[in-house]
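S.K.: The following block contains the structure, expressed as structure tokens.
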Amino acid sequence: MRVDGFNKRTGIFIITYHVLLPIALFWYFWNFTPSIAMMVTTFLLYVVTGLSITAGYHRYYSHTTYKTNPIVERVILFFGSMATQSSALRWAFEHRLHHAFVDTDRDPYSVKKGFWYAHILWLFKKPAPIDNKVVADLVKNPLVMFQHNHYLSCMLGSNIIGFLLVGWLLNDFVGAFVLSWWTRLFFLHHSTWFINSLAHTWGAHSFSKEQSAVDNYFISFLTFGEGYHNYHHAFANDYRNGIRWYHFDPTKWLIWTLSRLGLAHGLKRVHQYHVKERIMASQKEALLSKIQSSFVARKEELSEKVCYFYDTLANKISHARELIEKYTHSKKAKDQDNTRKLKGELKSVKRSIRADWRLYKEFVKSIFTLPPSPSSGV
Ligand SMILES: [Zn+2]
Ligand SMILES: [Zn+2]
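Taken in order, the sequence shown gives residues 783 to 1160; the numbers are from the numbering used here.
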């Protein structure tokens, strides 16, 4: 947790507001009672500024998982400035390094240097100069460069506008200052920082075991859907982090809604077969070692079953891919008979993959729910 080269501006800013905010809150609640409208407005500003980071800084600028227009970009940059987490250019630069060098010394907020380093202490360290090669696409974007070159004015300006507007609308400038500005900022900062600390510590390695990122439903509630972080590190170019419809991922829902309204397009999604292959690859070793440690008599039979599942599903998935390719060509060539035939074939292969996947999941569950004792095998 060593902090080299103190970043005076950011460090003093964070320490000062963390010290002053509890005093201000105590004084505020001692003297005033906030209106429901003030609490709702503060929450809404928290959500809007939070989503500008997750859908904007993160999934749009850092990973380019979708395309949008300059008006949406201006909205992202305005509320992103209000979120007070540096410019989109610097944020994306550091985040791209985080993905490229996760858990190493070159990861700017590596959790290997400690939970608190990844959460907040890395911000106290002097930032590395931005290498334009890492953000070559963004340095060509005039809106991003404008925000970067005038970041302090953008950050102060957006927050002052927000504070004055809320104060004027609700006729409560004290509440607007203490709650909708500084309390909102406190929760928003820690919510974003949780992605670097908690989402690299507490949860499941569902897709990739080789790095520290984890999937955690609870963290997703705190971070606008960014808690499915293991998936995100495995498939960073997917606009979704929670891939199931029931996963709590408001950032994904926002991007999808923008696409329905014609404000976003080219949403990138990883194909479900690719995801299945990754799940199987990450489980195979653990599955075989669990069989070795928990079974006596059926060790070989169960190990063979593992290989059977892997071979069968791999073959069927590659067959489905071939059919999808043929189907697309046939559709383009307007060969209706062949398209119909391929559609039927594809449907039955997909059905068969679904059935095998269900059996595979039941099998995995039955193996992993056994206690890790050599005597439990039959
Ligand atoms: Zn991460
Ligand atoms: Zn990311």
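For each residue, glycine too, the CB sits at the ideal point set by N, CA and C. It should be emphasised that the depicted structure is a prediction, and the values quoted were computed from it without experimental measurement.
#1: Judging by CA-CA distance, which residue of 906, 794 and 893 is the nearest neighbour of residue 788?
#2: Just to confirm my understanding: we take residue 1139, look at its own chain, exclude 5 residues before and 5 after, and list those with CB closer than 8 Å. What are they?
#3: Is it buried or exposed for residue 929, if we count other Cβ within 10 angstroms and need 16 for buried?
#4: Taking the straight line between their C-alpha atoms, what separation do you get for residue 841 and residue 861?
#5: Less than 7 Å between the CB of residue 840 and some heavy atom of ligand 2, yes or no?
#6: Would you mind sorting residue 1003 into buried or exposed? The rule is 16 or more other CB atoms within 10 Å of its CB.
#7: If you measure from each residue's Cβ to the nearest non-hydrogen atom of ligand 1, which ones come out under 6 Å, in chain order?
#8: Helix, strand or coil, according to DSSP, for residue 1121 in the structure here?
#9: Does the beta-carbon of residue 1007 have 16 or more other beta-carbons within 10 angstroms, so that it is buried, or is it exposed?
#10: Tell me which same chain residues have a C-beta within less than 8 Å of the C-beta of residue 878, skipping the five on either side of it?
#11: With a floor of 3 residues, list each beta strand (DSSP E) that falls wholly inside the region 792-826, ordered by position along the chain.
#12: Just reading off the alpha helix (DSSP H) that residue 1091 is part of, what are its end residues?
#13: If I follow the unbroken alpha helix (DSSP H) through residue 979, where does it start and stop?
#14: Give the DSSP-derived three-state secondary structure of residue 907 in the structure shown.
#15: Looking at residue 990 and ligand 2, is the gap between the Cβ and the nearest heavy atom below 7 Å?
#16: Say yes only if the C-beta of residue 1064 is nearer than 7 Å to one or more non-hydrogen atoms of ligand 2, and no if none qualify.
#17: Residues bridged to residue 788 by DSSP?
#18: Could you name the residues of the same chain whose beta carbon sits closer than 6 Å to that of residue 839, not counting the 5 residues immediately before and after it, in chain order?
#19: Taking a contact to mean a Cβ-Cβ separation below 8 Å, would you say residue 875 touches residue 912 in this structure?
#20: May I ask you to check if the CB of residue 1056 is nearer than 7 Å to at least one heavy atom of ligand 2?
#21: Please check if any C-beta of chain B sits within less than 8 Å of the C-beta of residue 1042.
#22: Which two residues bound the contiguous alpha helix (DSSP H) that contains residue 873?
#23: Which partner residues of residue 1046 appear in the DSSP bridge assignment?
#24: Only counting runs of 4 or more residues, tell me where the alpha helix (DSSP H) segments fall wholly within the region 1014-1038, in order along the chain.
#25: Quick one: does the C-beta of residue 1161 sit closer than 7 Å to a heavy atom of ligand 2?
#26: Tell me, to the nearest whole angstrom, how far the beta carbon of residue 858 is from that of residue 834; I am working on the premise that it is less than 8 Å.
#27: Can you tell me the Cα-Cα spacing of residue 979 and residue 880, whole angstroms?
#28: Return helix, strand or coil for residue 885, following the three-state DSSP convention.
#29: If you run the structure through DSSP and keep just helix, strand and coil, what is residue 891?
#30: Give the DSSP-derived three-state secondary structure of residue 1138 in the structure shown.
#31: Starting from residue 933 and walking both ways along the alpha helix (DSSP H), at which residues does that stretch end?
M.R.: This is what the structure holds:
#1: 906
#2: 1058 and 1095
#3: buried
#4: 15 Å
#5: yes
#6: exposed
#7: 880, 982, 995, 1011 and 1015
#8: helix
#9: buried
#10: 844, 916 and 917
#11: none
#12: 1081-1114
#13: Neither: residue 979 is in no alpha helix (DSSP H) and is coded neither H nor E.
#14: strand
#15: no
#16: no
#17: 907
#18: 862, 870 and 873
#19: yes
#20: no
#21: This model lacks chain B altogether, as it is built from one protein chain only.
#22: 870-882
#23: 850
#24: none
#25: In the structure as shown, the chain begins at 783 and stops at 1160. Residue 1161 is therefore absent and cannot be evaluated.
#26: 5 Å
#27: 12 Å
#28: coil
#29: coil
#30: helix
#31: 933-952
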